[in-house]
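In the working numbering, each residue carries its 1-based index in the first sequence increased by 24.
For glycine and all other residues, C-beta sits at the position ideal for the given N, C-alpha and C.
Source: prediction; values computed, not measured.
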Amino acid sequence: MKWTKTLINTLREDPGDAEIDSHKLLMRAGICRKNGAGLFTFMPLGMRSLRKIEQIVREEMNRAGALEILMPALQPAELWQKTGRWDTMGANMFRLKDRGDHFMAMGPTAEEEVTDLMTNIISSYRQLPVTVYQIQTKFRDETRPRFGLMRSKEFIMKDGYSFDTDAEAADKTYWNMYKAYEKIFARCGLKATPVQADGGDMGDSMTHEFHALADAGEDGIASCPSCGYAANLERAERKIEERNDAECPAYEKVATPNSRTIEEVASFFSLPPTSFVKTLVYVADGTPVMVCVPGDRDVNEVKMKRLLSAKSFALADARTVEEVTGAPVGFAGPVKPAKADIKIYADFSLKGARGMIVGANEGDSHIKNVDLARDASIEQYADIVICGAGDMCPKCGAKMELKRGIEVGQVFKLGTKYSDAFHTVYKDENATEKICIMGCYGVGVTRTLQAVIEQSHDKDGIIWPASISPYQVVIDLLDPDNEEVVKVSDELEKTLEDAGIDVIVDDRQDRPGVKFKDADLIGFTVRVVVGAKGLSKGGVEIKRRDQSKEEMKIVPPDQAFDVIKELLV
RNA sequence: CGGACCGUAGCGCAGCCUGGUAGCGCGUUUGCUUGGGGUGCAAAAGGUCACGGGUUCAAAUCCCGUCGGUCCGACCA
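Rendered as structure tokens:
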């Protein structure tokens with residue numbers, strides 16, 4: 025392919041609305057163009073990489089035994105009403121009406137659709153296990169699209185769904201997919217780490233997310249350098265040492281005018297935040313609860329939500345706080361709240377805590393010398409704070425590290441949440457009707473593309489892994505008017521194409537510097553320079569994008585092919 | 001959905017405060033020049049200043065509204 029025959033439009037300057045490197049490069053290299061908030065057009069270069077990623081996903085899914093299908097992105101509302109998600113998905117789902125006044129959804133995911141489909145197809149245990157998948161555009165009305173393809177309103181996702189006869193078989197399928205995902209990301213040149221995650225509304229059982237570690241990632245991940253434990257901060261646990269503080273005298277009230285936050289109270293007492301108990305009032309499914317954590321810690325709302333099996337869990341408003349505590353916001357505490365029967369949950373690390381300072385449930389007052397076990401009625405101690413760097417690994421006790429990641433894939437055990445709703449059953453060997461156990465498996469295809477860029481770039485531009493480079497090789501034809509040089513370039517181009525290697529020839533009437541800059545910006549895996557000066561000095565120059573100038577090889581044209589092939593492995 | 005800011009040529013921006021016939025850089029086109037890391041010179045094309053209303057002799061500029069966009073927060077199968 026000749027550069028002048030395709031449509032490549034690079035930008036010298038960063039787009040004004042891009043924040044992170046990968047987003048800037050996506051635009052600068054001409055991979056994408058923005059159409060609106062969270063909406064992008066893939067230009068020819070981007071399209072090539074995108075299709076290559078899809079093909080890798082397809083090959084690995086097929087190899088894992090999954091079957092490709094394609095379902096409509098436009099889905100009838102009835103399916104969603106059947107599982108109740110028509111309501112619970114809220115404003116995140118694009119909804120519209122057809123001319124017959126029927127509500128439809130632009131699919132944000134497809135559990136309902138696929139379960140409805142398979143319910144009518146599956147009848148016998150002989151058909152199971154079965155996994156189907158599709159690579160399809162998904163729609164989500166994100167309140168705040170961000171970071172280019174990372175969080176967009178329309179994106180391409182591979183979504184797969186498995187149907188098994190029992191929990192054991194479903195477990196096998198789960199790990200089969202898990203392994204397929206490891207291969208997919210490895211082949212895309214992406215370092216993706218599997219981490220334990222929270223199921224959210226999707227289901228309550230086991231799930232792993234695959235994260236491309238990157239500072240620009242939106243998710244926090246706790247990981248243990250010693251044993252490899254890794255979990256999304258939403259779920260990450262920590263090991264807690266047993267605590268048994270020295271006995272303290274009876275508690276007493278202390279006036280703490282205008283000291284509401286832990287910082288203010290800590291400075292008032294001249295004590296570290298760990299000497300205090302932070303008490304927050306939440307509302308879980310309409311019922312207020314109190315949550316106590318050490319003063320230097322934050323409540324993990326996802327953990328609380330799971331602990332209480334709550335559908336909704338959010339901080340209470342000021343009025344509720346006043347009703348519950350009998351004091352203005354800022355003075356809540358676990359000792360004798362106004363609402364005496366309120367359930368109080370405390371973090372494990374507070375078990376055995378004595379001599380603590382807590383809010384007095386009275387304006388401008390705190391109480392000190394609190395022994396939580398003696399003075400408060402704690403419903404339950406549990407791990408309910410967000411892990412921090414330095415917390416002990418729950419598996420091995422080593423100090424954990426905090427990292428950031430981009431979620432590029434997720435595998436879920438769905439159980440029977442959807443098969444129950446749709447009555448997806450099969451007959452077993454004894455002709456007994458049994459429910460299917462489901463799993464679902466997603467890969468953010470467009471997000472993976474950007475995650476690769478985020479992980480693989482330098483100050484000059486993108487560094488594409490060979491497997492998904494728009495063209496694996498770029499030939500910088502420096503003297504497009506020199507017949508001899510053109511002949512060498514044309515021959516090499518043909519040799520490469522005949523061998524199935526993607527190659528683009530920069531045949532523009534431009535100075536070498538322009539071609540080098542663009543080749544680096546777009547980041548084709550291998551660059552071959554063919555020019556009169558080079559040929560007179562012995563040949564063509566070959567270098568992989570991630571190699572330095574010093575590592576550049578100069579070889580006679582007839583050896584170029586072998587050297588290029590070597591570099592693409 | 002709360003808070004802040006921004007909409008001027010394909011891209012990046014200035015002009016707005018203090019109203020007076022719309023500018024710069026990049027890119028594009030043409031010619032010459034240069035020819036191994038975004039060459040230099042010259043010429044040219046390209047804008048209903050987001051949209052609607054108001055104030056005014058006069059609005060990119062001031063006021064009101066709408067729409068779009070960005071950031072912080074909340075949310076996020």
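About 4 Å separates the CB atoms of Ala-475 and Ala-236; that is less than 8 Å, so the two are in contact.
Cβ-Cβ separation between Val-498 and Ala-543: approximately 5 Å, consistent with a contact (criterion under 8 Å). The Cβ atoms of Met-71 and Leu-98 do not sit closer than 8 Å to each other. Following the DSSP letters along the chain, one finds Phe-293 inside the alpha helix (DSSP H) bounded by residues 286–293.
Between Arg-36 and Asp-484, the alpha-carbon positions lie close to 11 Å from each other.
The beta carbon of Lys-451 lies closer than 7 Å to those of Ser-147, Ser-148, Tyr-149, Glu-457 in the same chain, with the five residues before and after it left out. Contact between the region 394–413 and the region 188–203 is absent: fewer than 3 CB-CB pairs across the two stretches fall below 8 Å.
Residue burial annotation: Met-576 is exposed, with fewer than 16 other C-beta atoms found within 10 angstroms of its C-beta. Beyond the five residues adjoining it in sequence on each side, Ile-492 comes within less than 6 Å, by CB distance, of Ser-73, Lys-76, Ile-77, Cys-212 in the same chain, given in chain order. A contact is defined here as three or more CB-CB pairs under 8 Å, and the region 265–272 fails this definition with respect to the region 426–444.
DSSP, read as helix, strand or coil, puts Gln-404 in strand. Contact check for Gln-158 against Met-113 fails: the beta carbons are separated by 8 Å or more. For Glu-265, no beta strand (DSSP E) segment is defined, and its DSSP state is neither H nor E.
When the alpha-carbon of Lys-392 is set against those of Leu-295, Ser-186, Asp-482, Arg-82, the nearest one is in Leu-295. Here Leu-91 carries a strand assignment [DSSP, helix/strand/coil].
Residue burial is scored here from C-beta neighbours: Arg-52 has at least 16 other C-beta atoms within 10 angstroms and is therefore classed as buried. Pairwise C-beta distances place the region 346–366 out of contact with the region 244–260, as fewer than three of them are shorter than 8 Å. For Leu-559, the closest alpha carbon among the candidates Lys-48, Pro-504, Val-509, His-481 is that of Val-509. Bridge pairing for Asp-243: Gly-429 [DSSP].
Closest in C-alpha terms to Asp-503, from the list Pro-580, Met-25, Ala-377, Val-553, comes Val-553.
Residue range 56–60 is occupied by the beta strand (DSSP E) that includes Asn-59.
Per DSSP, the unbroken beta strand (DSSP E) holding Met-380 starts and ends at 380–383. Going by DSSP, Gly-537 is part of the alpha helix (DSSP H) stretching over 536–546.
Straight-line spacing of the CA atoms in Phe-337 and Arg-532 works out to 60 Å. Per DSSP, Phe-355 lies in no beta strand (DSSP E) segment and is marked neither H nor E.
Per the coordinates, the alpha-carbon of Thr-30 lies some 41 Å from the alpha-carbon of Ile-245.
Between Gly-350 and Glu-403, the beta carbon gap of about 19 Å keeps them out of contact (Cβ cut-off 8 Å). Between Leu-396 and Pro-318, the C-beta spacing is not below 8 Å.
Here the C-alpha atom of Met-142 lies approximately 32 Å from the C-alpha atom of Leu-63.
Of the candidates Arg-170, Val-156, Ile-578, Tyr-369, Tyr-369 places its Cα closest to the Cα of Val-323. For Ala-255, no alpha helix (DSSP H) segment is defined; the enclosing uninterrupted segment is the beta strand (DSSP E) at 254–256. Each residue's CA atom was taken as its position, placing Thr-440 and Thr-189 some 11 Å apart. DSSP places Gly-319 in the coil class of the three-state scheme, outside both helix and strand.
The beta strand (DSSP E) runs of length 3 or more contained entirely in the region 439–482 are, from start to end of the chain, 449–451, 457–459, 461–468. The three-state secondary structure of Thr-155, taken from DSSP, is strand. CA-CA distance, Ile-459 to Arg-109, rounds to 21 Å.
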